[in-house]
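Undergrad: Okay, here's the structure, questions in a sec.
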Amino acid sequence: MKPTHRPTLFSGAQPTGQLTLGNYLGAMRTWVRMQESHDCLFCVVDLHALTVRQDPRQLQENIFELTALYLACGIDPAKSTIFLQSHVSAHAELAWLLATFTQMGELERMTQFKDKAQQHKHNINAGLFTYPILMAADILLYRTQQVPVGEDQKQHLELARDIAIRFNGLYGPLFQVPEPLISTDGVARVKDLQNPTKKMSKSAEADLAKVMLLDTPEMVLKKFKKAVTDTLGVIRYDEGAQPGVSNLLNIWCAATGHSRAEALEQFSHHQYGRLKVETAEAVNALLEPIRNRFHALNADREGLRAVLEEGAERARHRANAVLGQILDALGLPTMRQRFSGL
Ligand code: ATP
Ligand code: LTN
């Protein structure tokens, strides 16, 4: 099932709420395509979600929903390994080891930490600060070659690369140095519909700011109709002067498969209203099959559990083999029954 000569690919999303159109266009859609050519692992990073206070029941629900969404988007358990981060304890163990190869100054520079610390002033916990180390562990544990993510994760990827290079310099080439895979067609950072200088985020408070994969067609239309644009009254691609219009053009292109030049040809003589409605229609056509598949998948909790358990089994086997080699290199004697036969 897993031809090992294929390059290894790893990615994940946090179970912090339903997925947005940004998550899908910036990350998930690439994941689905890569399954044909890569040895893929897709993780629900539940330990990362704990860096922000979560209600336990809601978190559990979000974990199943996110798993169902992975499947509804087209991630296929027969082709890829789908699992929960907390089911493979090697992630947390390697994160500890890698923390001793990460400098405070490196973590202090992370913009996601600065943003989240601003948003959660009363809970700036150490996990929020060391979040990128756990992410490096996720990636390095599988000797991942490619990591498809949105633009916002680029800095974390660079840190994972630096940690791998540093470790390899000291102990030999034990880690693969991963490459980011970030789309170049304008959807690596889909913008918030109400504040188009910010990225669309699933934890944004304003409902109108984000299009969710499970929004009804009417909700999608309403959100695009109310999207913030500008008062210039012309449809041009100019991210600096017209971020709202440029975001709509990018979304329309990504949803229809047309180029930016084709988009301008189609819309440049029209008013904003037309661009908004046509973008909503294109997004609805894209999301319809996902919505249709989601509900049955999400209702089958036993089926979801089985997918996650099988995925964890496969991931654990691979992760423990690498962790054993790392412990060995560091001079920590490993227990034979834990790592033998791998
Ligand atoms: P949160 O709001 O809880 O921080 P998030 O919306 O950033 O969540 P994640 O689970 O952290 O979502 O990210 C999952 C994937 O989606 C990552 O690869 C991330 O880079 C990508 N992504 C998130 N937001 C966008 C966006 N607006 N445009 C493109 N890609 C995005
Ligand atoms: N930090 C990522 C989620 C994430 C991830 C990973 C992505 C955790 N571990 C490993 C790629 C590879 C985010 O999107 N916020």
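Those letters in the sequence shown? Residues 0 to 341, by numbering that gives the first Met the number 0.
C-beta: ideal position from N, C-alpha, C; glycine also.
#1: Measure from the alpha carbon of Ala94 to the alpha carbon of each residue in Leu18, Met134 and Asp151, then state which is nearest.
#2: If you follow the alpha helix (DSSP H) that Phe223 is in, where does it begin and where does it stop?
#3: Flag Thr15 as yes when its Cβ comes closer than 6 Å to any non-hydrogen atom of the ligand ATP, and as no otherwise.
#4: In chain order, which alpha helix (DSSP H) runs of at least 4 residues are fully inside the region 37-95?
#5: Are there three or more Cβ pairs, one per stretch, closer than 8 Å when the region 141-160 is compared with the region 176-185?
#6: Terminal residues of the continuous alpha helix (DSSP H) containing Val31?
#7: Considering only heavy atoms of the ligand ATP, does any lie closer than 6 Å to the CB of Lys201?
#8: Let me confirm a value: Gly330 is counted as buried when at least 16 other C-beta atoms fall within 10 Å, else exposed. Which label applies?
#9: Hey, out of Ala125, Lys275, Cys39 and Arg52, whose CA is closest to Gly243's CA?
#10: At a cut-off of 6 Å, is Val148 close to the ligand ATP when judged by its beta-carbon and the heavy atoms of the ligand?
#11: Short check: CB of Ala279 to CB of Val227, under 7 Å?
#12: Is DSSP giving Gln154 helix, strand or coil here?
#13: How about Leu139 and Ala163: do their beta carbons lie closer than 7 Å?
#14: Grab me the residues of Leu341's own chain with a C-beta within less than 8 Å of its C-beta, minus the 5 sequence neighbours each way, in chain order.
#15: Does DSSP put Ser245 in a helix, a strand or coil?
#16: Are the beta-carbon atoms belonging to Arg292 and Ala71 less than 7 Å from one another?
#17: In the DSSP assignment, what residue or residues form a beta bridge with His255?
#18: Note the first and the last residue of the continuous alpha helix (DSSP H) segment covering Glu301.
#19: Can you grab the Cα-Cα spacing for the pair Lys197 / Asp151, in whole Å?
#20: Excluding five sequence neighbours on each side, which residues of the same chain lie with their C-beta closer than 7 Å to the C-beta of Ile289?
#21: Count the CB pairs spanning the region 189-208 and the region 9-24 that are closer than 8 Å, and state whether there are at least three.
#22: Apart from the five residues on each side of it in sequence, which residues of its chain come closer than 8 Å, Cβ to Cβ, to Ala328?
#23: Alpha carbon to alpha carbon, how far is Asp237 from Ser267?
#24: Does the ligand NAP have even one heavy atom less than 6 Å from the beta-carbon of Asp137?
#25: Check whether the Cβ atoms of Gly11 and Cys42 lie closer than 7 Å to each other.
#26: Between Val189 and Gly21, is the Cβ-Cβ spacing less than 7 Å?
#27: What are the boundary residues of the alpha helix (DSSP H) that includes Leu127?
#28: Which one of Asn283, Asp45, Ala48 and Gly239 has the shortest CA to CA distance from Thr215?
#29: Is DSSP giving Val146 helix, strand or coil here?
#30: So is His37 buried or exposed if we call it buried at 16+ other beta carbons inside 10 Å?
#31: Less than 7 Å between the C-beta atoms of Leu158 and Pro195, yes or no?
#32: Quickly, what does DSSP pair Met211 with across the bridge? List them, please.
#33: The beta strand (DSSP E) spanning Gly11 covers which residue range?
#34: With which residues is Pro179 paired in a DSSP beta bridge?
TA: Put simply:
#1: Met134
#2: Pro216 to Lys224
#3: yes
#4: 45-48 and 55-72
#5: yes
#6: Arg28 to Met33
#7: yes
#8: exposed
#9: Lys275
#10: yes
#11: no
#12: helix
#13: yes
#14: In this prediction, Leu341 scores a pLDDT of 48, lower than 50, which makes its location untrustworthy; the coordinate-derived value is nonetheless stated afterwards. Same-chain partners within the cutoff: His316, Asn319, Ala320 and Gly323.
#15: helix
#16: yes
#17: The amino acid occupying residue 255 in the given sequence is Thr; His does not appear at that position. DSSP output for Thr255 lists no bridge partner at all.
#18: Arg300 to Leu329
#19: 11 Å
#20: Ala71, Cys72 and Leu212
#21: yes
#22: Tyr170, Gly171 and Leu173
#23: 13 Å
#24: For the ligand NAP, the structure offers nothing, since it holds only the ligand ATP and the ligand LTN.
#25: yes
#26: yes
#27: Ala125 to Leu139
#28: Asn283
#29: strand
#30: buried
#31: no
#32: Thr19
#33: Thr7 to Ala12
#34: Val146
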